[in-house]
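Residue numbers for the sequence shown follow this note's numbering, so the first one is 28 and each next one is one higher.
Written below as structure tokens is the structure these notes are about.
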Amino acid sequence: MTILVTGGAGFIGSNFVLDWLKTSDEPVVNLDALTYAGNLENLASLQHDPRHVFVKGDICDRALIDQLLATHQPRALVHFAAESHVDRSIHGPGAFMRTNIEGTFTLLEAARGYWSALPAEAKAAFRFHHVSTDEVYGSLKPSDPPFAESNPYEPNSPYSASKAASDHLVRAWHHTYGLPVVTTNCSNNYGPYHFPEKLIPLMIVNALAGKPLPVYGDGQQIRDWLYVTDHCAGIRAVLAGGRLGETYNIGGWNEKANIDIVKTVCALLDELRPDPAGPYSRLITYVTDRPGHDRRYAIDARKIERELGWRPAETFDTGIRKTVQWYLANADWVSQVQSGAYRDWVAKQYD
Ligand code: NAD
Ligand code: DAU
């Protein structure tokens with residue numbers, strides 16, 4: 028048996044592949060286009076592992092997907108590949124429409140063709156697992172209850188609109204064609220291999236470089252943070268036991284304002300790598316807000332706990348400490364991803 032993973036060289040996908048092969052011997056075929064966000068260094072420990080087959084390619088390439096399905100006969104497809112950064116979607120939404128919508132459509136059609144021709148037992152066992160986000164639900168007011176699976180979709184950014192569109196496609200391919208799908212909608216992840224364009228790793232690498240820590244607007248926007256390996260465990264639980272056609276919200280029960288996240292990162296760095304120039308919080312700089320910035324996300328993760336027994340293993344305190352320690356121990360990874368393209372992005376977004 029084999030699973031096909033898309034986007035397995037990105038932040039969550041690579042954590043998922045590493046965890047999968049730690050907990051199982053089932054091989055993984057990993058399809059990734061290696062955009063700026065994909066990095067084979069994340070998978071360096073699997074370089075000589077025959078259970079991991081890496082294929083560089085695009086999820087919009089139907090012929091390639093057909094060939095991978097025919098060759099490897101996977102029992103499941105776990106779909107992570109996406110353009111994932113909200114700020115980039117504001118500067119250039121086109122790539123998001125292509126990968127997140129057209130790419131998901133291409134995978135669904137290829138999976139449908141493959142799945143329909145499977146023998147009965149393999150057909151019943153096949154799963155298409157779509158990895159999505161809480162951002163499809165829009166923005167919560169301070170007194171609103173957290174997002175449940177029944178919340179209406181109200182995406183506000185080009186990124187979240189493209190993910191919402193992909194969720195709708197997945198739902199329709201189940202409803203119309205009977206394709207055996209499950210979807211997970213997760214809150215903000217953090218942990219190792221997180222690309223330093225996102226809040227937590229950006230704050231760590233900027234602080235260590237003595238650069239400003241750019242906080243958008245008033246810094247009071249709230250996100251619900253989940254350590255990445257907890258997300259991976261949630262995906263494994265849904266893949267194994269999730270009901271077909273259902274969606275499962277995954278979250279950490281960890282609502283935090285951005286400014287508090289930044290102050291926590293600064294305090295940990297003060298403890299673990301003190302700067303003779305003074306506390307890292309001196310670098311906090313309020314900058315122009317993100318257009319259309321969602322104020323609050325929060326996940327009600329009771330369904331996945333009730334049905335599948337999943338709960339996060341990490342608290343925010345344990346997860347953020349591990350994360351900061353990982354970045355301190357992996358300065359080479361950080362400098363390797365800070366290529367010319369990364370510097371161009373930082374100049375475009377923050378100068
Ligand atoms: P990421 O940007 O770190 O990685 C995306 C990966 O997809 C990269 O390896 C990239 O090379 C690959 N990719 C992009 N376009 C491709 C294409 N056309 N064909 C093949 N591969 C392509 O993203 P991430 O943060 O790891 O997110 C993974 C998934 O989880 C996404 O679907 C995202 O929407 C979802 N998600 C992310 C978070 C989060 O906090 N990061 C939370 C909830 C859901
Ligand atoms: O909620 C899940 C989503 O979380 C995922 O679907 C996305 O793929 C992922 O990128 C993430 O989206 P966010 O926009 O919430 O993450 P980001 O790290 O970009 O920003 C987190 C918060 O921090 C957000 O309110 C914006 C703010 N921020 C971000 C950056 C990069 C800043 O204040 N300054 C910054 O420089």
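Note that the Cβ used here is the ideal one computed from N, Cα and C, for glycine as well.
Residue i CB to nearest heavy atom of the ligand DAU below 7 Å
| i | result |
| --- | --- |
| S214 | yes |
| Q247 | no |
| E162 | yes |
| H106 | no |
| V178 | Residue 178 is actually Asn in this sequence, not Val. Not so, every heavy atom of the ligand DAU lies at least 7 Å from the Cβ. |
| V113 | yes |
| K225 | yes |
| Y63 | no |
Residue i: CB within 7 Å of a non-hydrogen atom of the ligand NAD
| i | result |
| --- | --- |
| A137 | no |
| V158 | yes |
| E110 | yes |
| T33 | yes |
| D85 | yes |
| I331 | no |
| K190 | yes |
| G130 | yes |
Top-ranked residue by Cα proximity to residue i, from the options
| i | options | result |
| --- | --- | --- |
| L206 | Y63, A103, S184, A304 | A103 |
| H201 | F153, S189, R309, T315 | F153 |
| A36 | G346, N276, E110 | E110 |
| E68 | Q376, Q363, W372 | Q363 |
| V44 | P172, F81, D85, P101 | F81 |
| S189 | A144, A108, L253 | A108 |
| E129 | G65, K168, D194, K150 | D194 |
| T256 | N233, I288, E273, H221 | H221 |
| I331 | G261, C293, T345 | G261 |
Inter-residue CB distance, residue i and residue j (contact presumed, cutoff 8 Å)
| i | j | result |
| --- | --- | --- |
| T133 | R89 | 5 Å |
| L8 | Y307 | Given a span of 28 to 378 for the chain in the structure shown, any question on residue 8 remains unanswerable. |
| D251 | N215 | 6 Å |
Span of the beta strand (DSSP E), counted from its first residue to its last, around residue i
| i | result |
| --- | --- |
| W360 | No beta strand (DSSP E) holds W360; the alpha helix (DSSP H) holding it covers 358 to 364. |
| P241 | 240 to 243 |
| Y313 | 311 to 314 |
Unbroken alpha helix (DSSP H) run spanning residue i, endpoints
| i | result |
| --- | --- |
| S187 | 185 to 204 |
| V373 | 367 to 377 |
| H99 | 89 to 99 |
For residue i, the residue or residues it bridges with in DSSP
| i | result |
| --- | --- |
| Y275 | T211 |
| F155 | L104, V208 |
| A284 | I249 |
| H79 | V55 |
| I262 | DSSP output for I262 lists no bridge partner at all. |
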